[in-house]
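Working notes, structure below.
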Amino acid sequence: MSTPPDWNAAYAASAGSLFGDTPNLWLVMTLARPGFPARTALFIADGDGRNGTWAARRGLSVTAIDISAEATLQARERDRAAGVSVRRVTADLAGWSPDRSFDAVFLFYLQGPPAQREAAVRLGAWALRPGGWFVMEAFAAAGEGGCGPADPALRYAEGELSSWLEGFTREDWLFGEVRLDEGGRHQGRARVVRIAARAPGG
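Per the UniProt record's numbering: the sequence shown = residues 1 to 202.
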């Protein structure tokens with residue numbers, strides 16, 4: 001069994017941004033969709049804010065949560081430097097729920113044991129307004145070599161995601177290999193899942 005990472009220590013020890021300064025490519029591609037409707041967004045596990053801050057600079061009203069107080073501190077510094085306001089929360093997802101619904105929920109590279117991953121996906125799905133968008137990218141199961149967790153229990157399998165997002169309309173549901181260039185932690189070939197799916201009722 002893998003030892004859970006100490007994210008406060010990891011962010012504090014990093015000489016630069018732990019996962020780079022540029023936003024996740026799947027986030028950029030999603031917001032570039034013609035007519036993408038999101039005006040409000042929740043970013044789950046936003047870390048030091050590279051994604052949430054970038055989205056706020058493009059006009060979204062952003063709420064972001066992360067378990068690491070150190071990461072949240074760095075994210076707030078990033079927000080100030082960018083001249084944006086982001087509602088940031090430091091909390092464990094197991095004890096937190098949003099007080100509003102969102103047009104879109106974004107989840108990038110939250111890799112943990114199955115119960116933690118399921119809780120994050122289900123929370124994101126629950127937080128959406130009818131017809132809202134659930135968008136994620138993460139390390140997928142069946143990846144051999146490359147970057148990402150060596151423990152397969154920390155990766156997402158298609159079957160479990162199908163169960164956790166039952167009833168969603170799949171706009172994109174992609175499992176495949178990409179080359180990552182995101183700071184020191186995500187470098188090189190990786191097998192990932194990319195999802196853009198709409199909640200029921202819209």
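Each residue gets a CB set at the ideal place from its N, CA and C atoms; glycine is no exception.
Worksheet item: How would you write the range of the beta strand (DSSP E) that residue 103 sits in, first residue to last?
Response: Stepping through the sequence shown from its first residue, residue 103 is reached at position 103. From DSSP, the beta strand (DSSP E) with residue 103 extends over 102-108.
Discussion item. Beta-carbon within less than 7 Å of residue 199's beta-carbon, same chain only, minus the 5 sequence neighbours each way: which residues are those?
Written reply: Sequence index remark: in the sequence shown, residue 199 carries index 199 (1-based). Within the same chain, residue 199 has close Cβ partners 125, 128, 130, 131, 132, 134, 168.
Worksheet entry | Distance, residue 109 Cα to residue 136 Cα | By 1-based counting over the sequence shown, the position of residue 136 is 136. By 1-based counting over the sequence shown, the position of residue 109 is 109. So the alpha carbons of these two residues sit roughly 8 Å apart.
Item to complete: Determine the direct distance from the alpha carbon of residue 123 to that of residue 116, and round the result to whole angstroms.
Response: What you label residue 116 is simply residue 116 of the sequence shown in a count that begins at 1. What you label residue 123 is simply residue 123 of the sequence shown in a count that begins at 1. When only Cα atoms are considered, residue 116 and residue 123 end up about 11 Å apart.
Discussion item. Give me, in chain order, the residues of the same chain whose beta-carbon lies closer than 7 Å to that of residue 1; leave out the 5 immediate sequence neighbours on both sides.
Written reply: Mapped onto the sequence shown, residue 1 falls at position 1. The predicted model places residue 1 with a pLDDT of 38, which falls under 50 and marks its position as unreliable; any figure quoted below should be read in that light. So the list is empty, once near-sequence residues are dropped.
Worksheet item: Going by other Cβ atoms of all chains shown within 10 Å of its Cβ, with 16 needed for buried, is residue 23 buried or exposed?
Response: Taking the first residue of the sequence shown as 1, we reach residue 23 at position 23. Residue 23 comes out buried.
Discussion item. Tell me which residue opens and which closes the alpha helix (DSSP H) that residue 131 is part of.
Written reply: In the sequence shown, the residue the question calls residue 131 occupies position 131. Annotation for residue 131: no alpha helix (DSSP H) segment contains it, though the beta strand (DSSP E) segment containing it runs 128-139.
Worksheet item: Which residues bound the beta strand (DSSP E) around residue 87?
Response: In the sequence shown, residue 87 corresponds to position 87, counting from 1. It spans 87-90 - the beta strand (DSSP E) in which residue 87 sits, taken as one unbroken run.
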